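In order, the protein sequence lines correspond to chains Y and X.
Position in the first sequence counted from 1, then plus 6, gives you our numbering.
Position in the second sequence counted from 1, then plus 256, gives you our numbering.
From the three backbone atoms N, C-alpha and C, an ideal C-beta is built for every residue, glycine too.
None of the values given here were measured: they were computed from a predicted structure.
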Amino acid sequence: GPKVLQIPSHQIIDMGQMVTLNCDPVSNHLYFYWYKQILGQQMEFLVNFYNGKVMEKSKLFKDQFSVERPDGSYFTLKIQPTALEDSAVYFCASSLQQDTQYFGPGTRLLVL
Amino acid sequence: QQKVQQSPESLTVSEGAMASLNCTFSDGTSNNFRWYRQHSAKGLEVLVSIFSDGEKEEGRFTAHLNRANLHVSLHIREPQPSDSAVYLCAVSTGTGNYKYVFGAGTRLKVIA
């Protein structure tokens, strides 16, 4: 089926640093999403993005978070500055319309 | 706010026996339900999507939806050891049905 790639697969950084998580969505998809899963907990919606804009974000999407997809390249999630509670697996997803979302394998972020 | 719960937390079945997984949700106005599975360190694989009450079959996977009972189930016919994974129920919510609320998952183990 359609594949979403995420780079890197793992990232370890010090608290306070900036991190950028990259997502390579399915090529013709128009809607993009980030979800967060803390170890042992449910996956939770962070944000979705369409036509260059954030459509909706959850309360987990703190002011330190931002998303963009410049010129059809990677869809990125930037956290600046990072905090300990940002340690989690971040999943990217994409969809053609507002239908089935296809997920990447996740980026495991550890903030020390 | 939509809440999604899955049961059981874990399930072990013998190869060839039917596996049945359950998902309950709190808001019956949702009309998009999906089952995904996740193998370790891999992305989520969509198994079956269902949008109306009744049954939807995709290969060996069959979803049953009963919105009046706030329940959607997944049945796996003739499970194989390669079906061992975490199975996630996802309920779309929001105006455009683009935001997924996930359950915590059922960890399925199929033994030969």
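Cut-off 6 Å between Cβ atoms - residues of its own chain near residue i, not counting five sequence neighbours on either side
i        : result
X:His327 : Thr280
Y:Arg75  : Phe81
Y:Lys63  : Val53
Residue i versus residue j: straight-line alpha-carbon distance, rounded
i        : j        : result
Y:Phe38  : Y:Thr82  : 10 Å
Y:Asp26  : Y:Ser93  : In the sequence as presented, Asp is not what sits at residue 26 of chain Y; that position holds Thr. Straight-line Cα distance between these residues: approximately 13 Å.
X:Ala319 : Y:Ser15  : 32 Å
Y:Met49  : X:Ser296 : 15 Å
X:Glu265 : X:Gln294 : 14 Å
X:Glu261 : Y:Ser33  : It is Gln, not Glu, that sits at residue 261 of chain X in the sequence shown. Going by the C-alpha atoms only, they are around 33 Å apart.
X:Glu313 : Y:Leu118 : 45 Å
Assumed close pair residue i, residue j - CB separation to whole angstroms, cut-off 8 Å
i        : j        : result
Y:Gln12  : Y:Gly112 : 6 Å
Y:Leu90  : Y:Met24  : With 8 Å as the limit, Y:Leu90 and Y:Met24 do not qualify as a contact, their Cβ atoms being about 15 Å apart.
Y:Tyr108 : Y:Pro8   : 5 Å
X:Val366 : X:Gln336 : 6 Å
X:Ala275 : X:Leu267 : 6 Å
Opposing strand residues paired with residue i [DSSP bridges]
i        : result
Y:Phe55  : Y:Phe38 and Y:Val60
X:Gln262 : X:Cys279
X:Gly310 : X:Leu321
Y:Thr113 : Y:Tyr96
Y:Val118 : First, the amino acid is wrong: residue 118 of chain Y is Leu here, not Val. Beta-bridge pairing links Y:Leu118 to no other residue.
X:Ile332 : X:Ala275 and X:Phe317
X:Val304 : X:Trp291
Y:Val73  : Y:Leu83
Contacting residues, own chain, Cβ-Cβ under 7 Å from residue i (five flanking each side not counted)
i        : result
Y:Gln86  : Met24 and Gln70
Y:Gln104 : Tyr37
X:Asp339 : Ile332, Leu364 and Val366
X:Gly361 : Gln262, Val342, Tyr343 and Leu344
Neighbourhood of residue i by C-beta distance below 8 Å, restricted to the same chain and skipping five residues each side
i        : result
Y:Leu116 : His16, Gln17, Ile18, Ile19 and Ser93
X:Gln258 : Phe281, Ser282, Asp283, Ser286, Val347, Thr349 and Val357
Is there contact between the stretch 281-288 of chain X and the stretch 299-310 of chain X, where contact requires at least three CB pairs shorter than 8 Å?
Under the Cβ criterion (8 Å, minimum of three pairs), the stretch 281-288 of chain X counts as touching the stretch 299-310 of chain X.
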